[in-house]
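Reviewing the structure listed below.
2 protein chains.
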Amino acid sequence: MMTTKTKTTIHKIGNFVGQEVTLQGWLANSRSSGSVQFLMIRDGTGFIQGIVAKNELLPEVFQLAHSLNQESSLEVTGIVREEKRAPGGYELTIKNLKLIGSSENYPITPKEHGIDFLMENRHLWFRSQRQQAILKIRHEIIKAIRDYLDSQGFVLVDAPILTPSACEGTTNLFEVQYFEDKAYLTQSGQLYMEAAAMALGKVYCFGPTFRAEKSKTRRHLTEFWMVEPEMAFCHLEDSLQTQEGMVSFIVSRVLENRKKELEYLKRDISKLEKIIPPFPRISYDESLEILKKKGLNPVWGNDFGGTDETILTEQFEKPIFVTHFPMACKAFYMKQDPVRPELAVCADLLAPEGYGEIIGGGQREEDLGLLEARMERMKMEKEPYQWYLDLRRFGTVPHGGFGLGIERTVSWICGLEHVREAIPFARTLYRIYP
Amino acid sequence: MMTTKTKTTIHKIGNFVGQEVTLQGWLANSRSSGSVQFLMIRDGTGFIQGIVAKNELLPEVFQLAHSLNQESSLEVTGIVREEKRAPGGYELTIKNLKLIGSSENYPITPKEHGIDFLMENRHLWFRSQRQQAILKIRHEIIKAIRDYLDSQGFVLVDAPILTPSACEGTTNLFEVQYFEDKAYLTQSGQLYMEAAAMALGKVYCFGPTFRAEKSKTRRHLTEFWMVEPEMAFCHLEDSLQTQEGMVSFIVSRVLENRKKELEYLKRDISKLEKIIPPFPRISYDESLEILKKKGLNPVWGNDFGGTDETILTEQFEKPIFVTHFPMACKAFYMKQDPVRPELAVCADLLAPEGYGEIIGGGQREEDLGLLEARMERMKMEKEPYQWYLDLRRFGTVPHGGFGLGIERTVSWICGLEHVREAIPFARTLYRIYP
Numbered sequence: 005m006m007t008t009k010t011k012t013t014i015h016k017i018g019n020f021v022g023q024e025v026t027l028q029g030w031l032a033n034s035r036s037s038g039s040v041q042f043l044m045i046r047d048g049t050g051f052i053q054g055i056v057a058k059n060e061l062l063p064e065v066f067q068l069a070h071s072l073n074q075e076s077s078l079e080v081t082g083i084v085r086e087e088k089r090a091p092g093g094y095e096l097t098i099k100n101l102k103l104i105g106s107s108e109n110y111p112i113t114p115k116e117h118g119i120d121f122l123m124e125n126r127h128l129w130f131r132s133q134r135q136q137a138i139l140k141i142r143h144e145i146i147k148a149i150r151d152y153l154d155s156q157g158f159v160l161v162d163a164p165i166l167t168p169s170a171c172e173g174t175t176n177l178f179e180v181q182y183f184e185d186k187a188y189l190t191q192s193g194q195l196y197m198e199a200a201a202m203a204l205g206k207v208y209c210f211g212p213t214f215r216a217e218k219s220k221t222r223r224h225l226t227e228f229w230m231v232e233p234e235m236a237f238c239h240l241e242d243s244l245q246t247q248e249g250m251v252s253f254i255v256s257r258v259l260e261n262r263k264k265e266l267e268y269l270k271r272d273i274s275k276l277e278k279i280i281p282p283f284p285r286i287s288y289d290e291s292l293e294i295l296k297k298k299g300l301n302p303v304w305g306n307d308f309g310g311t312d313e314t315i316l317t318e319q320f321e322k323p324i325f326v327t328h329f330p331m332a333c334k335a336f337y338m339k340q341d342p343v344r345p346e347l348a349v350c351a352d353l354l355a356p357e358g359y360g361e362i363i364g365g366g367q368r369e370e371d372l373g374l375l376e377a378r379m380e381r382m383k384m385e386k387e388p389y390q391w392y393l394d395l396r397r398f399g400t401v402p403h404g405g406f407g408l409g410i411e412r413t414v415s416w417i418c419g420l421e422h423v424r425e426a427i428p429f430a431r432t433l434y435r436i437y438p
Numbered sequence: 005m006m007t008t009k010t011k012t013t014i015h016k017i018g019n020f021v022g023q024e025v026t027l028q029g030w031l032a033n034s035r036s037s038g039s040v041q042f043l044m045i046r047d048g049t050g051f052i053q054g055i056v057a058k059n060e061l062l063p064e065v066f067q068l069a070h071s072l073n074q075e076s077s078l079e080v081t082g083i084v085r086e087e088k089r090a091p092g093g094y095e096l097t098i099k100n101l102k103l104i105g106s107s108e109n110y111p112i113t114p115k116e117h118g119i120d121f122l123m124e125n126r127h128l129w130f131r132s133q134r135q136q137a138i139l140k141i142r143h144e145i146i147k148a149i150r151d152y153l154d155s156q157g158f159v160l161v162d163a164p165i166l167t168p169s170a171c172e173g174t175t176n177l178f179e180v181q182y183f184e185d186k187a188y189l190t191q192s193g194q195l196y197m198e199a200a201a202m203a204l205g206k207v208y209c210f211g212p213t214f215r216a217e218k219s220k221t222r223r224h225l226t227e228f229w230m231v232e233p234e235m236a237f238c239h240l241e242d243s244l245q246t247q248e249g250m251v252s253f254i255v256s257r258v259l260e261n262r263k264k265e266l267e268y269l270k271r272d273i274s275k276l277e278k279i280i281p282p283f284p285r286i287s288y289d290e291s292l293e294i295l296k297k298k299g300l301n302p303v304w305g306n307d308f309g310g311t312d313e314t315i316l317t318e319q320f321e322k323p324i325f326v327t328h329f330p331m332a333c334k335a336f337y338m339k340q341d342p343v344r345p346e347l348a349v350c351a352d353l354l355a356p357e358g359y360g361e362i363i364g365g366g367q368r369e370e371d372l373g374l375l376e377a378r379m380e381r382m383k384m385e386k387e388p389y390q391w392y393l394d395l396r397r398f399g400t401v402p403h404g405g406f407g408l409g410i411e412r413t414v415s416w417i418c419g420l421e422h423v424r425e426a427i428p429f430a431r432t433l434y435r436i437y438p
């Protein structure tokens, strides 16, 4: 048989069956059965098992393979074989092997480790197959969001991170010393997107946002990513259709391109296959009725807690829009309902299976007088918002939008217990390392 | 003639020639010639001239058109006509017109305004055609970068913004109060990308970065966006090929999809059409020779200044790689040249036409001993970098990457004087509003 020696990567190995190839990667794991060594090699694009047979190799090569520690980096040359029982469908019969970088006492062994230890070693932890699967799905989700919005004519307008004033109160803000002044890390790009929508019609920002909340729940990070589309000449229902279009597009892309990763995470794919528009729309008032029927005792005017969201979403197979919350639950910029002024023209999107809120959104108050009156009632300083009020002074229009939290969406689609695995380097109340 | 009334947007208006359509937008400008009003209408997707003829309309509609101020928001209904002399190739003969939001004393008039005034009114300024063109090209550039890297098998790994330690010294860092601790805003995601490359092979981060520099040059912002690809098993030349591939792909996408915007900006397109790989590679030493021939007196060991970069790039029609700078100019993590240890295995990419550095990059020191010795010589604290040193302890490999500054790239491709127009909301030494 004629062989050609080619440098390749694991995800392309199926193109080289019967041929000799060279791979560069790391040793994820190994086991021995006397005269045969099994090396599990990873290179970022995939994992493959390499077979090292004593009687087919130079003794020093077999000895090297035997002595390799977990996470050594190496270059291997071998013949690609089809092998239906192997995880990726292929195996490599190793002919030669070269150590590139050694590895002594790699801290994350195949045994179980506590979460604090893993988070402390996050820089190494995401070499694991599970963490790689999550990161690749996160990438797919982010790409799907951008592709969807771009295909719908939205223009990306990056919002600033350093802001002079607070969008929703100063309590949960991180303060930055900005030369001689104080600045704050953004909690949301929305107000800026409203300005941009008046210029470009349909816009979005996509970046990190910050909340200095002392929450330790499985849904909270201090630094998290949000996409925030905003549309001029937009009413609530237009926004809901964009949301259900986008969310179902994300899920379909992940199912199309990342099925292997979902399977590795043991995600119940049949649940994701049900995420097809339209999504149910229920009002806040109707939600309270559902909660009451389930034995809870919700109080009109309060926002939902985690338990409320869990119980509500368990009633549906799809994400649900909860619309028309009491104004008192919502931020100053929300539009009040013209018929029932105690309600906001808004909607949250709750993910199924108990994952809770992944989107908050609504129409914004476009009337200058109503907005100013509300700011006065809430005792807000108006000076820092003059630019925002300008949007109502110069050609105001009905407009609205929403913000989708990336880590909560990744958690839901991957089926994670905690958002800390849904971001490469989680920042929480007690963690800012590495 | 049968007409159908359809709601549409200006960029799609060519599909409705001879038909009646409804548009929603703002009045960008207007002029009158007695019995005819010319309304320049914009809706974010484009600009179109609407014709209001006195003798074809109800008197109150003509009177309304006459009284409209700049930036009023409105809904217009009219017949689409092909008109070769019109900017977009079409005009609208207006049949009806409805005011949505009024506009009194809009501050940005067609006359000239000073840059401070425009920056103070940034939330309104980007309603102008020039600013919209820049923002759309920025969007196209960012999309092209992501599409290029994704097509080459890179995985997006978002780097953290809040970091516990300094990547290149603390002098230019913004400090954040992080609950009981201090944190810093990231200057670069690179160190984190090195960790991610050891897991996923080829990765990139794309996000805001921060430098608390007291620079007031036309190339400096305190908050700017960077894309930072990093590759395992990568040598300098591999990285240069990725860079020239990516940069030429960006330019070709902008030429393909945003020619109208480039023309509006009066960009010399013939200069952009020359951006085709390969790009020239010249060493730092050769660069000094060129500068000397041009009458300058550069000192070996110093980094380039703005003037040096301008003169160097004026010698070439394409971007140029300047390689192998003195180690003393570069950060602690750069790999030293095995043959000439006073040099770093690195390259900057300088854009033509005097735009200067848009990329910095190189190979990273993969040898634990050399890296630790350098940190000691530079009197760096090693404790905060233990996780980074771990990458050399557990299967180290040759690796490298680069960082491309988005605003400098936008400035170059758009042909801007100053980077402050290349980002939606610029942050500079004296500006953090709006």
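Protein chains in written order, with the working numbering: chain A, 5 to 438; chain B, 5 to 438. Backbone N, C-alpha and C define an ideal beta-carbon position, used for all residues, glycine too. All of these numbers come straight from a predicted model, not from anything done at the bench.
Closest in C-alpha terms to Pro114 of chain A, from the list A:Phe253, A:Asn33, A:Ala377, comes A:Asn33.
In this structure Gln181 of chain A is exposed. Its beta-carbon is surrounded by fewer than 16 other beta-carbon atoms within 10 angstroms. Inclusion of Ile165 of chain A and Glu227 of chain B in the CB contact set at 8 Å is warranted, their separation being smaller than that value.
Three or more Cβ pairs drawn from the segment 231 to 238 of chain A and the segment 399 to 412 of chain A lie within less than 8 Å of each other, which places the two stretches in contact.
Under the Cβ distance rule, Phe253 of chain A does not count among the residues neighbouring chain B, no pair being separated by less than 8 Å.
In terms of Cβ geometry, Thr327 of chain A and Arg368 of chain A do not form a close pair [threshold 8 Å]. Of the candidates A:Gln390, A:Gln340, A:Gln67, the residue whose Cα lies closest to the Cα of Gly38 of chain A is A:Gln67.
Taking all protein chains shown into account, Gln194 of chain B has 16 or more neighbouring C-beta atoms within 10 Å of its C-beta and is therefore buried. Only residues of its own chain outside the window of five on either side were considered, and among them Phe51 have a CB closer than 7 Å to the CB of Pro91 of chain A, listed in chain order. Gln319 of chain A and Lys88 of chain B have their C-alpha atoms roughly 58 Å apart. Ranked by Cα distance from Leu292 of chain B, the first of B:Lys270, B:Leu316, B:Lys220, B:Phe283 is B:Leu316.
For the C-beta of Tyr110 of chain B, the chain A residues within less than 7 Å are, from N- to C-terminus, Phe398.
Linking Ser36 of chain A to Ile98 of chain A through their CA atoms gives a straight-line distance of about 14 Å.
Contact between the segment 255 to 272 of chain B and the segment 133 to 149 of chain B is present: 3 or more CB-CB pairs across the two stretches fall below 8 Å. Using beta-carbon distances, Arg257 of chain B does not count as an interface residue toward chain A, since no partner is under 8 Å. For Ser291 of chain A, the uninterrupted alpha helix (DSSP H) run begins and ends at 288 to 297, by DSSP. Look at the segment 304 to 330 of chain B and you find these whole runs of alpha helix (DSSP H), each 4 residues long or longer: 310 to 317. Apart from the 5 residues on each side of it in sequence, Tyr437 of chain B sits with its Cβ closer than 8 Å to the Cβ of Glu124 in its chain, given in chain order. Residues of the segment 121 to 138 of chain A whose Cβ lies closer than 7 Å to any Cβ of chain B, in chain order: His127, Leu128, Phe130, Arg131, Gln136. As DSSP reads the structure, Gln28 of chain B sits in a beta bridge with B:Glu79. Short of 8 Å from the beta carbon of Gly310 of chain A, and not among the five residues preceding or following it, lie these beta carbons of its own chain, in chain order: Thr221, Arg223, Gly360. Taking Phe214 of chain A as the centre and dropping the five residues before and after it, the same chain places the C-beta of Phe178, Leu189, Glu227 closer than 6 Å to its C-beta, in chain order. The beta carbon of Ser169 of chain A sits closer than 6 Å to those of Pro388, all from its chain and outside the five residues before and after it, given in chain order. In this structure Gln247 of chain B does not touch Gly358 of chain B by the C-beta definition: roughly 20 Å separates them, more than the 8 Å allowed.
Taking a Cβ-Cβ cut-off of 9 Å, the neighbours of Gln181 of chain A in chain B comprise Phe178, Glu179, Val180, Gln181, Ala216, given in sequence order. For secondary structure counted as the alpha helix (DSSP H) over 4 or more consecutive residues, the segment 172 to 208 of chain A holds these complete runs in sequence order: 194 to 204. Taking all protein chains in view, the Cβ of Thr413 of chain A is crowded by 16 or more other Cβ atoms within 10 Å, so the residue is classified as buried. Note on geometry: alpha-carbon atoms of Arg257 of chain A and Pro330 of chain B lie some 47 Å from one another. Val231 of chain B sits away from Phe253 of chain B, with the two beta carbons spaced by 8 Å or more. For Leu372 of chain B, the uninterrupted alpha helix (DSSP H) run begins and ends at 372 to 381, by DSSP. Interface annotation, Leu160 of chain B: in contact with chain A, CB-CB separation under 8 Å. Residue-level contact check: Phe329 of chain B does not touch chain A, since none of the beta carbons of chain A fall below 8 Å from its beta carbon. Rounded to whole angstroms, the separation of the alpha carbons of Ala200 of chain B and Ser192 of chain B is 14 Å. Taking each of B:Leu353, B:Glu265, B:Asn261, B:Thr49 in turn and checking the Cα distance to Glu241 of chain B, the smallest one comes out for B:Leu353. In chain order, Thr13, Ile14, His15 place their CB closer than 7 Å to the CB of Thr49 of chain B, counting only its own chain and leaving out the 5 sequence neighbours on each side. Using beta-carbon distances, Pro212 of chain B counts as an interface residue toward chain A, with a partner under 8 Å.
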